[in-house]
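Some notes on the structure that comes next.
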Amino acid sequence: MHIGIVADGGFEKGMGHVVRMKRLAEELKQRCLITFYTNQESEPFLHEEHWHVIVMPELQQHEFILREIKNKKLDLLLFDILGAPAELLRKIKAETYAKIVLFEEKNEKAIQLSDAVINGIYGDIRSRVYDQGNTRIYEGPDYLILHPGFLAARNDYTLKKKCCNIVVALGGSDPKRLIFKVLAAADQVPAMNDKNMMFVMGSASPHQEAVRRHIQKKPQYTVIGQTNDMAGMMKQADAAIVAGGISLYEAICIGVPCLVLSQVEHQTATAKTFAEQGAALDLGLGELVSDETLIYQMSRIISSYPLRLSLHKGGRPLVDGKGIKRVSAILQDLYDQKV
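What follows is the structure, encoded as structure tokens:
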């Protein structure tokens, strides 16, 4: 089976798309040929010996992808981008035999032109499978692509009564510079003086050096650059401060009590839903949260074991960490139908 994956990212777009598809490729690489189609910013992150990475031209991308499908005889084409182009999907359907799978897609025209849509984040908090015309749609956390390490970390995790270690993970690029808001609030929380804070920052973040300078006199604070073991980091945490994207699901899967500062509007819906289930403390859009509110809520989650225990118990049933296996099986079924 030869799979083409169209995914891109960067400082403005964030890195969620390429992170998700790289995880899926790791799961599939032993039994599939894989070719990534991406942008210049994402190429270094995706570069691996197990698959090919091609930087798409800025002009005539649709024609380029069509040629690639035909020349390489791609069996499946996966799109994990901000809005799959319906015009291109229509041409793929008309001119090739490739099956089309969209990830985190809401556009009705694009959905109608695909064979399957996998909305692990965009779906409801309760998972479901249904058909929309000729397209099968998989929604909810059951189809969320997490690194396999999160399932192992979930099984090993124990919530401690004393909060000592706090992970801060505000997205791969942190476009709203929320990490500085958290640092400023931490300076105003007396209980933070003896806490270990681990600031996880992705390769697309331009803030790493500024944060390192800010914390150079705080030996209990650590900046973690690009990490391949986010599950291991989360497993050490007694609490987490996360954005409303994939890091929220990662924390909830393991059972880490978390405070959510969303980077963009669509993340607020997810965070709100988890909060309504008692699985997280949702503060809304991070850039709009007042300093006073952030200081108060950070103090709460650090100091109250009953609160952290409640969040731990509320979240774990909602994300089981097995989504990558389910998605892999979906792709295999699509290929089997094709042949």
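Using the numbering used here, the letters of the sequence shown correspond one by one to residues 3 to 341.
Note that CB positions come from ideal geometry on N, CA and C, so glycine has one too.
Cβ-Cβ separation, residue j to residue i (assumed contact under 8 Å), whole Å
i, j, result
"Leu68", "Val103", "Wrong, their Cβ atoms sit about 17 Å apart, outside the cutoff."
"Arg215", "Val225", "Going by Cβ atoms, the distance from Arg215 to Val225 rounds to 10 Å, so no, they are not a contact pair."
"Met23", "Asp117", "So it is not a contact: roughly 17 Å between Cβ atoms."
"Tyr159", "Gly257", "5 Å"
"Met17", "Gly286", "At roughly 23 Å, the Cβ-Cβ gap does not stay under 8 Å, so Met17 and Gly286 are not in contact."
"Lys340", "Tyr99", "7 Å"
"Lys101", "His64", "At roughly 18 Å, the Cβ-Cβ gap does not stay under 8 Å, so Lys101 and His64 are not in contact."
Beta-carbon gap between residue i and residue j smaller than 8 Å
i, j, result
"Ala88", "Leu115", "yes"
"Ile326", "Leu26", "yes"
"Ser264", "Gly288", "yes"
"Leu283", "Ile304", "no"
"Pro143", "Ile120", "no"
"Val244", "Ala171", "yes"
"Lys183", "Leu296", "yes"
"Ala212", "Gly246", "no"
"Lys162", "Asp240", "yes"
"Ile123", "Leu90", "no"
"Phe47", "Met58", "no"
"Gly280", "Ser312", "yes"
"Val202", "Met300", "no"
"Ala253", "Ala242", "yes"
"Ser129", "Glu141", "yes"
"Met235", "Met200", "yes"
"Leu80", "Val8", "yes"
"Val55", "Glu70", "no"
Buried or exposed by the 16-neighbour rule on C-beta atoms within 10 Å, applied to residue i
i, result
"His52", "exposed"
"Pro221", "exposed"
"Ile308", "The question names Ile, yet the displayed sequence has Pro at residue 308. Exposed, because fewer than 16 other Cβ atoms sit within 10 Å of the Cβ of Pro308."
"Ala188", "buried"
"Gly357", "No answer is possible for residue 357: it lies beyond the span of the chain, which begins at 3 and ends at 341."
"Arg310", "buried"
"Glu278", "exposed"
"Asp10", "buried"
"Gly85", "exposed"
"Ser175", "buried"
"Pro259", "buried"
"His314", "buried"
"Gly6", "buried"
"Gln32", "exposed"
"Lys75", "exposed"
"Glu106", "buried"
"Glu43", "buried"
"Arg318", "buried"
"Ala186", "exposed"
"Ala96", "exposed"
"Glu14", "exposed"
"Ile223", "Note on identity: in this sequence residue 223 is Tyr, with Ile being the wrong assignment. Under this definition Tyr223 is a buried residue."
"Lys237", "buried"
"Glu294", "exposed"
"Tyr132", "exposed"
"Gly227", "exposed"
"Tyr298", "exposed"
"His49", "exposed"
Residues that residue i bridges to, as DSSP identifies them
i, result
"Met58", "Note: Met58 sits in no beta bridge, so no partner."
"Asp284", "Val262"
"Val21", "Val21 is not bridged to any residue."
"Thr40", "Val57"
"Asp133", "Arg138"
"Leu79", "Gly6, Ile102"
"Thr224", "Met200"
"Leu35", "His4"
"Ala154", "In the DSSP output, where bridge partners are listed per residue, Ala154 has none listed."
"Val169", "Met200, Ala242"
"Val119", "Leu104, Ile139"
"Gly16", "Gly12"
Residue i CB to nearest heavy atom of the ligand SAH below 7 Å
i, result
"Ser305", "Looking at this structure, you won't find the ligand SAH or any other ligand, since it has none at all."
contact_flag[the region 142-150, the region 161-173] where n(CB pairs < 8 Å) is 3 or more = As far as the Cβ criterion goes, the region 142-150 does not touch the region 161-173, which means the pair count is below three.
Meets three-Cβ-pair contact criterion under 8 Å: the region 27-45 and the region 266-276 = No: fewer than three Cβ pairs fall under 8 Å.
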